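Colleague:
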Amino acid sequence: MEKDLLLHQTDLFLRDFNPMVPIRKHATLSAGLRNLVDDWEYNLTVKPQAFFNLVSGGNYYINIVFFSFITFWGHFWFFSLLVKLFPDQRKKWFLLVFFFPPVLFWLSGFRGDGLLFFFLSLCLLQGYRWLKTRSGWALAWAVLGFIGTFIMRDPVAMLLVPALLSVFITVRYNVKPWKSVIIVYGISAILFFVSVGLSPSFNPVKMIADRQAAFFALHGNTRYQLGELQPTVGSFLKVLPEAALNVFFRPAPWEAKGMLQLVSAADICFFWLLVLLALFRNRAAWKQRFNHPFLLFLLVTAVTLFIFTGFTVPFPGAIVRYKVIPELFLLCWIAYTYNKKLHI
Numbered sequence: 046m047e048k049d050l051l052l053h054q055t056d057l058f059l060r061d062f063n064p065m066v067p068i069r070k071h072a073t074l075s076a077g078l079r080n081l082v083d084d085w086e087y088n089l090t091v092k093p094q095a096f097f098n099l100v101s102g103g104n105y106y107i108n109i110v111f112f113s114f115i116t117f118w119g120h121f122w123f124f125s126l127l128v129k130l131f132p133d134q135r136k137k138w139f140l141l142v143f144f145f146p147p148v149l150f151w152l153s154g155f156r157g158d159g160l161l162f163f164f165l166s167l168c169l170l171q172g173y174r175w176l177k178t179r180s181g182w183a184l185a186w187a188v189l190g191f192i193g194t195f196i197m198r199d200p201v202a203m204l205l206v207p208a209l210l211s212v213f214i215t216v217r218y219n220v221k222p223w224k225s226v227i228i229v230y231g232i233s234a235i236l237f238f239v240s241v242g243l244s245p246s247f248n249p250v251k252m253i254a255d256r257q258a259a260f261f262a263l264h265g266n267t268r269y270q271l272g273e274l275q276p277t278v279g280s281f282l283k284v285l286p287e288a289a290l291n292v293f294f295r296p297a298p299w300e301a302k303g304m305l306q307l308v309s310a311a312d313i314c315f316f317w318l319l320v321l322l323a324l325f326r327n328r329a330a331w332k333q334r335f336n337h338p339f340l341l342f343l344l345v346t347a348v349t350l351f352i353f354t355g356f357t358v359p360f361p362g363a364i365v366r367y368k369v370i371p372e373l374f375l376l377c378w379i380a381y382t383y384n385k386k387l388h389i
């Protein structure tokens with residue numbers, strides 16, 4: 046259908062990229078912007094297939110190769126950033142970014158997750174270049190990457206803001222990374238829970254509760270126990286243990302059902318094995334993990350994304366998909382080994 050629109054009704058094909066079209070469909074600006082984000086997420090994932098079909102003749106597998114050529118750059122940019130910061134650990138980063146099985150599976154094919162990682166990596170790499178050079182072009186590309194991240198998954202973009210702000214404060218004002226994280230996230234937590242009294246359109250607490258309710262309305266073969274969130278501080282604190290358990294420890298090997306959950310259980314075992322190894326080997330790296338701004342960025346971003354997923358998603362299949370990027374971040378943080386030559 047998209048190919049036919051491209052060939053015979055090009056104006057309609059391009060009209061879907063007009064930001065004013067979805068906004069005009071709604072009475073309020075917030076509803077129009079929500080529709081705009083949803084439309085652009087669809088367009089960025091589906092529209093490229095129209096161009097692929099011109100060459101592939103509609104062959105699904107050839108189209109996957111073309112789409113993977115686009116999403117590959119997300120992996121390459123993230124790998125490039127890691128190498129710029131820690132050049133002596135290139136082989137480790139190469140294996141994690143390009144050969145870690147969950148990353149290979151969930152960030153490939155016609156999935157929005159691949160484009161999410163594409164834009165996220167663009168934002169991080171160009172943001173790093175801007176911090177180093179103050180280049181206007183680097184800043185423009187970083188902003189574009191952030192906008193793309195927001196389009197593909199707006200909660201990820203919003204959770205990035207305090208982490209990016211912490212890095213900026215650390216580098217710009219020469220503040221210790223852990224201090225900037227405590228200050229920024231402390232203020233963010235206060236603002237988050239104070240927003241309970243605001244209108245629903247500007248109330249992130251209610252937005253998260255509504256997002257969980259939307260997942261609860263869906264049906265799945267397996268569903269974890271997860272308390273219902275209410276837009277109150279007490280409700281979030283009550284559900285937090287279940288949320289953390291679901292994303293960090295489940296599925297356990299004995300409760301896995303089907304091949305996908307067995308692989309997920311093996312992945313969790315592998316993750317905690319790495320944590321144990323990191324605890325007892327190369328202890329000098331632990332101090333640096335909390336004192337390098339990018340390493341601390343990886344940690345706080347991963348943890349907040351994990352917890353957000355745990356709060357909102359009760360289905361193991363969806364949890365595995367949504368946590369693949371923060372898991373990669375956390376594994377890079379754990380896999381770091383001490384190096385006296387730091388680059389930032």
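46 is the number of the first residue of the sequence shown in our numbering; add one for each residue after it.
Backbone N, C-alpha and C fix where the C-beta goes; we use that ideal spot for every residue, glycine too.
Being a predicted model, the structure only gives us computed values, none of them experimental.
Assign residue 295 to one of two classes, buried (16 or more other C-beta atoms within 10 Å of its C-beta) or exposed (fewer than that).
Modeller: Buried.
Colleague: When you compare each of 148, 119 and 130 to residue 308 by their alpha carbons, which one comes out closest?
Modeller: It is 148 whose Cα lies nearest to the Cα of residue 308.
Colleague: For the alpha helix (DSSP H) containing residue 230, list its first residue and its last residue.
Modeller: Per DSSP, residue 230 belongs to the alpha helix (DSSP H) from 222-239.
Colleague: Between residue 387 and the rest of its own chain, which residues show a CB-CB distance below 7 angstroms, the 5 nearest in sequence each way excluded?
Modeller: Confidence at residue 387 is low in this model, with a pLDDT of 46, below 50, so its placement is unreliable and the value that follows should be read with caution. Excluding sequence neighbours, residue 387 sits near 337.
Colleague: Taking the alpha helix (DSSP H) that residue 358 falls in, what are its first and last residues?
Modeller: No alpha helix (DSSP H) holds residue 358; DSSP gives it neither H nor E.
Colleague: Would you kindly check if the distance between the Cβ of residue 276 and the Cβ of residue 241 is under 8 angstroms?
Modeller: It is a contact, given that the beta carbons lie within the stated cut-off.
Colleague: In its own chain, which residues sit with a C-beta less than 6 angstroms from the C-beta of residue 165, not counting the 5 before and 5 after it?
Modeller: Hits under 6 angstroms: 194.
Colleague: Within a Cβ cutoff of 8 angstroms, which residues of the same chain sit near residue 221, ignoring the five residues on either side of it in sequence?
Modeller: Closer than 8 angstroms at Cβ, skipping near neighbours: 215 and 336.
Colleague: For residue 262, count neighbouring Cβ atoms within 10 angstroms of its own Cβ and tell me buried if that reaches 16, exposed if not.
Modeller: Exposed is the call here.
Colleague: In or out: residue 302 buried (at least 16 other Cβ within 10 Å) or exposed?
Modeller: Classification of residue 302: exposed, given that the 10 Å Cβ count is below 16.
Colleague: For the stretch 199-211 against the stretch 343-353, are there 3 or more C-beta pairs whose distance is under 8 angstroms?
Modeller: These segments touch.
Colleague: When you compare only the Cα positions, how much space is there between residue 157 and residue 112?
Modeller: Cα to Cα, the separation comes out at about 11 angstroms.
Colleague: Taking residue 230 as the reference, which of 117, 365 and 346 has the closest Cα?
Modeller: Checking every option, the nearest Cα to that of residue 230 belongs to 346.
Colleague: Quick one, which of 56, 196 and 292 has its alpha-carbon nearest residue 84's?
Modeller: The candidate whose alpha carbon is nearest that of residue 84 is 196.
Colleague: Using CA coordinates, which residue listed in 260, 163, 306 and 132 is at the minimum distance from residue 122?
Modeller: Here the closest residue by C-alpha is 163.
Colleague: With a threshold of 8 angstroms, are at least 3 pairs of Cβ atoms found where one atom belongs to the stretch 278-285 and the other to the stretch 312-323?
Modeller: Result no; under three Cβ-Cβ pairs closer than 8 angstroms.
Colleague: Skipping 5 residues on each side, what residues in its chain have a beta carbon closer than 7 angstroms to that of residue 268?
Modeller: The residues are 359 and 360.
Colleague: Going by alpha carbons, who is nearest to residue 372 out of 322, 323 and 313?
Modeller: Considering only alpha carbons, the answer is 313.
Colleague: Go ahead and label residue 298 buried or exposed: buried means 16 or more other beta carbons lie within 10 angstroms of its beta carbon, across all protein chains shown.
Modeller: Classification of residue 298: exposed, given that the 10 Å Cβ count is below 16.
Colleague: Can you grab the Cα-Cα spacing for the pair residue 271 / residue 236, in whole Å?
Modeller: Rounded to whole angstroms, residue 271 to residue 236 spans 25 angstroms at the Cα level.
Colleague: Cutting at 6 angstroms between CB atoms, please list the residues of its own chain near residue 61, excluding the five before and the five after it.
Modeller: Only 88 meet the Cβ criterion.
Colleague: Taking 7 angstroms as the limit between beta carbons, can you name the residues of its chain near residue 364, skipping five residues before and five after?
Modeller: For residue 364, where only same-chain residues beyond five positions count, the Cβ hits under 7 angstroms are 291, 292, 354 and 358.
Colleague: Taking its Cβ as the centre, do 16 or more other Cβ atoms sit within 10 Å of residue 181, making it buried, or is it exposed?
Modeller: So residue 181 ends up on the exposed side.
Colleague: How big is the Cα-Cα spacing for residue 135 and residue 177?
Modeller: Rounded to whole angstroms, residue 135 to residue 177 spans 21 angstroms at the Cα level.
Colleague: If I follow the unbroken alpha helix (DSSP H) through residue 264, where does it start and stop?
Modeller: Premise fails: residue 264 is in no alpha helix (DSSP H) and is neither H nor E.
Colleague: Give the C-beta separation of residue 274 and residue 289 to the nearest angstrom, bearing in mind that I take them to be a contact with Cβ-Cβ under 8 angstroms.
Modeller: Not confirmed; about 14 angstroms, so no contact.
Colleague: What residue range does the alpha helix (DSSP H) around residue 156 cover?
Modeller: First-last for residue 156: undefined, no H or E at that position.
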